[in-house]
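Trainee:
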Amino acid sequence: MLRLLLRYAKPYRRHLIALIAMTVLQGAVQLLGLTREMKSIVDSGIGAKNTDYLMGSGLRMLLFTALVGVLGAAIAYAGTSVACGMRKDMTRDCYHTIVGLSSQDVARLGEATLITRCISDTDNVQRLLGFLLSNCLLAPVVVVLMLASLWQGDLDVFLAEVVAVGLSVAIMLLLMMRARRRFPALQASIDHLNLVTKEKITGVRTIRAFGREDFEAKRGEEANRQAYEADIAANRPLKFVSPAILTIMNASMVLVYWIGAAKAQDGLVELSTLLLTIQYVNSLISPLSALPIIVNMIPGAEVGCARIGELLDTPVEGGRTASEEDATHAARAALQRGEDRLSTGMRPAAPTDVAGAAVLAFDDVSFGYNDQKMTLSHLSFAIRRGERVAVVGATGSGKSTLLALMCGLYEPQQGVVRAEGVPIGRMGTDVRIGMFSYVPQKAMVFQDTVLQNIRAYNDEVSDDAVSRACEDAVFSEVIAKMEDGLATRMAQGGMNLSGGQRKRLSLARGLAKDAQVYLLDDPFAALDAVTERSARLNTLRALDGKTVVMVTQRFSAIADFDKIIVMRQGVIDAIGTHEELLATCEEYADMYRVQGYLERG
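With our numbering as the guide, the letters of the sequence shown map in order to residues 2 to 602.
1) Take the Cβ of Met491 as the centre, count every other Cβ of all protein chains shown within 10 Å, and call the residue buried at 16 or more, exposed below.
2) If I measure Cβ to Cβ from Thr532 and keep anything under 6 angstroms in the same chain, skipping five residues before and after, which residues do I get?
3) Determine whether the beta carbon atoms of Gly59 and Leu146 lie at a separation below 8 angstroms.
4) In this structure, how does DSSP classify Ser463 when only helix, strand and coil are distinguished?
5) Buried or exposed, going by whether 16 or more other CB atoms sit within 10 Å of the CB of Asp473?
6) Does DSSP classify Lys89 as helix, strand or coil?
7) Just to confirm my understanding: we take Ser438, look at its own chain, exclude 5 residues before and 5 after, and list those with CB closer than 6 angstroms. What are they?
8) Per the contact definition of three or more C-beta pairs closer than 8 angstroms, is the segment 183 to 194 in contact with the segment 158 to 167?
9) From Leu377 to Leu133, what distance separates their C-alpha atoms?
10) Kindly identify the DSSP beta-bridge partner or partners of Ala362.
11) What residue range is occupied by the uninterrupted alpha helix (DSSP H) comprising Phe132?
12) Classify Phe216: buried if its beta carbon has 16 or more other beta carbons within 10 angstroms, exposed otherwise.
13) Cβ of Ser1 within 8 angstroms of Cβ of Pro293?
14) Under a three-way DSSP split, which group does Asp327 fall into?
15) Compute the Euclidean distance between the alpha carbons of Ala335 and Asp523, then round it to the nearest angstrom.
16) Label Val164 either buried or exposed according to how many other C-beta atoms from any shown protein chain fall within 10 Å of its C-beta, with 16 as the threshold for buried.
17) Hey, would you say Gly387 sits closer than 8 angstroms to Thr548, going by beta carbons?
18) Out of Gly500, Ala113, Leu247, which one is the CA nearest neighbour of Ser169?
19) Does the segment 300 to 310 come close enough to the segment 183 to 190 that 3 or more CB-CB pairs lie under 8 angstroms?
20) Could you tell me which uninterrupted alpha helix (DSSP H) segments, each at least 4 residues in length, are contained entirely in the segment 231 to 271, listed from first to last along the chain?
21) Hey, how far is the Cα of Asp465 from the Cα of Lys504?
22) Would you tell me roughly how many angstroms separate the C-alpha atoms of Arg673 and Val255, rounded to the nearest one?
23) Between the alpha carbons of Leu17 and Val83, how many angstroms are there, rounded?
24) Taking Cβ positions, are Asp106 and Thr315 nearer each other than 8 angstroms?
25) What does a CB cutoff of less than 6 angstroms around Leu115 pick up in its chain, not counting 5 residues either side in sequence?
26) Between Leu130 and Met173, is the Cβ-Cβ spacing less than 8 angstroms?
27) In whole angstroms, what separates the C-alpha of Leu5 from that of Val304?
28) Mind the definition here: the segment 540 to 556 touches the segment 398 to 410 only if three or more C-beta pairs lie below 8 angstroms; say whether that holds.
29) Tell me the DSSP secondary structure of Tyr1 in three-state form.
30) Look at the alpha carbon of Leu7 and the alpha carbon of Leu138, and state the distance between them as a whole number of angstroms.
31) Kindly indicate the opening and closing residues of the beta strand (DSSP E) around Arg569.
32) Does Met496 pass the burial test, meaning 16 or more other C-beta atoms within 10 Å, or should it be called exposed?
33) Gly1 lies in the alpha helix (DSSP H); which residues open and close that run?
34) Please classify Ala332 as buried or exposed, where buried requires at least 16 other C-beta atoms within 10 Å of its C-beta.
35) Closest by CA to Gly571, which one among Ala108, Ser367, Phe184, Phe211?
36) State the DSSP-derived secondary structure class of Thr98, mapped to helix, strand or coil.
And the structure:
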């Protein structure tokens with residue numbers, strides 16, 4: 002926690018130095034100026050019946066009070082500014098880190114916890130810093146000055162206050178440590194509540210369509226109850242801090258009265274000195290009363306700092322820490338060799354092994370989310386340049402995960418994925434982006450113009466390429482109905498488009514890019530039969546000569562593909578052409594017959 006706070010405090014060093022100086026000055030004026038002026042009034046004013054001295058002393062006390070007020074306002078402003086600035090910097094860095102994370106890292110950490118860390122955890126840190134800098138820096142200053150003054154005045158009172166302060170701090174630390182162990186569970190329950198809420202918002206139409214409102218309401222109530230119970234368990238010990246400290250400090254005040262009364266009665270202390278001592282002790286109670294609030298904030302902020310630090314320390318791009326320069330040059334050279342072969346119309350020879358001259362190769366690859374049970378196990382195959390490869394299989398067999406591994410969105414736990422003979426994990430990001438065009442299963446729509454959505458903010462994509470891609474994806478007819486055409490701005494999440502229109506926009510984005518390998522994850526889903534046929538024929542024609550890997554459920558669309566990979570429960574059940582699989586793969590033949598029967602029916 003301290004390391005993270007010091008890291009973000011560096012830009013505000015001058016503000017913090019000024020803040021500490023103003024706090025020390027405020028404490029000195031309040032404790033040494035006001036309280037000692039009161040003693041002087043009793044000794045030199047009231048005792049000597051000196052009216053002029055009383056007037057002058059009263060004016061000085063007014064000036065001291067005004068100075069304390071001005072310093073307090075300046076401290077509050079400076080403390081809040083520093084806290085908000087540090088929170089702004091943390092949120093900015095968290096956001097940039099999240100943007101740079103690979104899909105694998107996002108899946109490992111979880112979308113809900115990323116939102117919580119970026120918003121809730123940074124807010125906990127800001128509230129702690131704001132209150133600490135604005136209200137609690139005065140407490141140690143007052144304690145030190147008070148104890149120093151009591152040491153010079155009355156040793157008995159000094160010892161009593163040392164015991165009271167020490168006991169208060171000990172109880173505070175003990176209760177804080179008890180609560181500290183429970184805050185990680187609280188944050189985890191908040192993450193889960195955010196996840197459930199997010200699912201409700203994004204899936205509200207599906208929930209209504211299937212009449213699952215009651216079930217989802219109970220699920221939300223359960224997540225809310227768990228967060229409530231975790232909150233109660235974490236904060237219960239902290240609620241005893243304030244009563245304990247106030248009880249101890251008030252008991253110490255009673256002890257001071259008793260000691261002072263006894264000494265005053267025996268003539269061992271002057272009345273003004275006794276009043277000064279009481280004022281010293283009173284001045285300590287007010288700053289210490291703020292400490293319980295800080296104690297309530299520290300465990301949550303400490304857990305928040307740990308979670309923020311974990312996020313900021315997560316290596317971007319799937320944790321690639323190896324040197325990328327040599328791999329980048331090798332990949333670029335391989336891509337150039339491939340471009341030369343394509344320009345002369347030559348086909349590369351079949352690879353002699355899985356890591357040979359293939360444009361893509363899987364060498365005993367296994368992958369699992371969050372290091373749990375493997376989603377894909379021991380995959381080995383190669384894809385040659387210019388091949389059209391289809392990936393089929395039942396829902397949940399790992400088809401989409403396979404495509405994500407191909408373009409480096411995920412990194413395998415075992416084995417190596419190679420592109421042009423280079424491990425894809427060692428490729429530079431710019432090389433991978435240039436090599437692949439990926440059309441995901443879920444269409445992503447940016448809150449920007451249609452043109453920027455299709456270009457994906459790549460200025461190298463020409464207007465002609467955008468126009469051809471829209472025609473091939475049968476998206477041009479959608480644009481024709483828009484008032485501003487390509488300049489039309491999309492709503493958040495593409496809500497001003499239907500599901501099929503979003504799918505066609507995503508396909509147009511993939512086709513507009515000039516890439517070596519096109520990865521299409523069920524690109525024609527959610528399209529009607531006529532549009533699907535047109536988009537499919539246009540797409541395959543536009544990608545003639547390119548390497549294409551396509552996940553699909555339409556077996557009639559892949560009959561002429563060079564290779565078909567049949568997935569079953571995370572493993573490759575068979576690889577071959579359409580005719581070969583009909584003859585040798587029972588699962589493929591069964592799926593083909595069932596689909597043909599349903600289409601005819």
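All C-beta atoms, glycine included, are put in the ideal place defined by N, C-alpha and C.
Since the structure is predicted, the reported quantities are computational estimates derived from the model, not experimental observations.
Mentor: According to the structure data:
1) Working through the sequence shown from its first residue, we reach residue 491 at position 490. Buried: at least 16 other Cβ atoms inside 10 Å.
2) Your numbering for residue 532 matches position 531 in the sequence shown. If you ignore the 5 residues before and after Thr532, its C-beta comes within less than 6 angstroms of the C-beta of Val475, all in its own chain and listed in chain order.
3) Indexing the sequence shown from 1 puts residue 59 at position 58. Indexing the sequence shown from 1 puts residue 146 at position 145. Going by C-beta atoms, Gly59 is not nearer than 8 angstroms to Leu146.
4) Locating residue 463 in the sequence shown gives position 462, counting from the first residue. Ser463 falls in the coil class under three-state DSSP.
5) Counting from one through the sequence shown, the residue named residue 473 turns up at place 472. Buried, because 16 or more other Cβ atoms sit within 10 Å of the Cβ of Asp473.
6) Here residue 89 refers to the residue found at position 88 when the sequence shown is read from its first residue. Three-state DSSP puts Lys89 in a helix.
7) Taking the sequence shown and counting its residues from 1, one reaches residue 438 at position 437. Same-chain partners within the cutoff: Gly511, Lys514, Ala516, Tyr519.
8) No, the segment 158 to 167 does not touch the segment 183 to 194.
9) Locating residue 377 in the sequence shown gives position 376, counting from the first residue. Locating residue 133 in the sequence shown gives position 132, counting from the first residue. Their Cα atoms are separated by approximately 50 angstroms.
10) As a first step, residue 362 must be located in the sequence shown, where it is residue number 361. DSSP lists Ala383, Arg419 as partners of Ala362.
11) Translated into the one-based positions of the sequence shown, residue 132 becomes position 131. Per DSSP, Phe132 belongs to the alpha helix (DSSP H) from 123 to 132.
12) As a working mapping, residue 216 is identified with position 215 in the sequence shown. Burial call: exposed.
13) In this structure the chain extends from 2 to 602, so residue 1 is not present and cannot be described.
14) Sequence index remark: in the sequence shown, residue 327 carries index 326 (1-based). Annotation note: pLDDT 39 at Asp327 (below 50); position unreliable, no value reported.
15) In the sequence shown, the residue the question calls residue 335 occupies position 334. In the sequence shown, the residue the question calls residue 523 occupies position 522. Here Ala335 scores only 43 on pLDDT, less than 50, and its place in the model is too uncertain to base an answer on.
16) Taking the sequence shown and counting its residues from 1, the one referred to as residue 164 is at position 163. Label assigned to Val164: exposed.
17) Looking up residue 387 in the sequence shown gives position 386. Looking up residue 548 in the sequence shown gives position 547. Yes; because the gap between Cβ atoms is below 8 angstroms, this pair is in contact.
18) Here residue 169 refers to the residue found at position 168 of the sequence shown. Closest by alpha carbon: Leu247.
19) yes
20) Counting only runs of 4 or more, we get 242 to 266.
21) Taking the first residue of the sequence shown as position 1, residue 465 is located at position 464. Taking the first residue of the sequence shown as position 1, residue 504 is located at position 503. For Asp465 and Lys504, the distance between alpha carbons rounds to 21 angstroms.
22) Within the shown structure, residues of the chain are numbered from 2 to 602, placing residue 673 beyond reach of any answer.
23) For this step, residue 17 is matched to residue 16 along the sequence shown. For this step, residue 83 is matched to residue 82 along the sequence shown. The alpha-carbon atoms of Leu17 and Val83 are separated by roughly 8 angstroms.
24) One-based indexing of the sequence shown puts residue 106 at position 105. One-based indexing of the sequence shown puts residue 315 at position 314. Yes; because the gap between Cβ atoms is below 8 angstroms, this pair is in contact.
25) By one-based count along the sequence shown, residue 115 stands at place 114. The residues are Ile99.
26) To locate residue 130, count along the sequence shown from 1; it is residue 129. To locate residue 173, count along the sequence shown from 1; it is residue 172. Going by C-beta atoms, Leu130 is not nearer than 8 angstroms to Met173.
27) As a working note, residue 5 is residue 4 in the sequence shown. As a working note, residue 304 is residue 303 in the sequence shown. Their Cα atoms are separated by approximately 12 angstroms.
28) yes
29) Examination of residue 1 is not possible in this model, given that the chain is present from 2 through 602 alone.
30) For the purposes of this step, residue 7 is identified with residue 6 of the sequence shown, where counting begins at 1. For the purposes of this step, residue 138 is identified with residue 137 of the sequence shown, where counting begins at 1. Rounded to whole angstroms, Leu7 to Leu138 spans 17 angstroms at the Cα level.
31) Taking the sequence shown and counting its residues from 1, one reaches residue 569 at position 568. Counting along the chain, the beta strand (DSSP E) containing Arg569 begins and ends at 564 to 569.
32) Taking the sequence shown and counting its residues from 1, the one referred to as residue 496 is at position 495. So Met496 counts as exposed.
33) Residue 1 falls outside the range modelled here, since the chain spans only 2 to 602, and no answer is possible.
34) Within the sequence shown, residue 332 is the residue found at index 331, counting from 1. Note on Ala332: pLDDT 41, under 50, position unreliable in the model; the coordinate value appears next. Counting Cβ neighbours within 10 Å, Ala332 comes out buried, since at least 16 surround it.
35) Looking up residue 571 in the sequence shown gives position 570. Per the Cα distances, Ser367.
36) Taking the first residue of the sequence shown as 1, we reach residue 98 at position 97. Reduced to three states, the DSSP call for Thr98 is helix.
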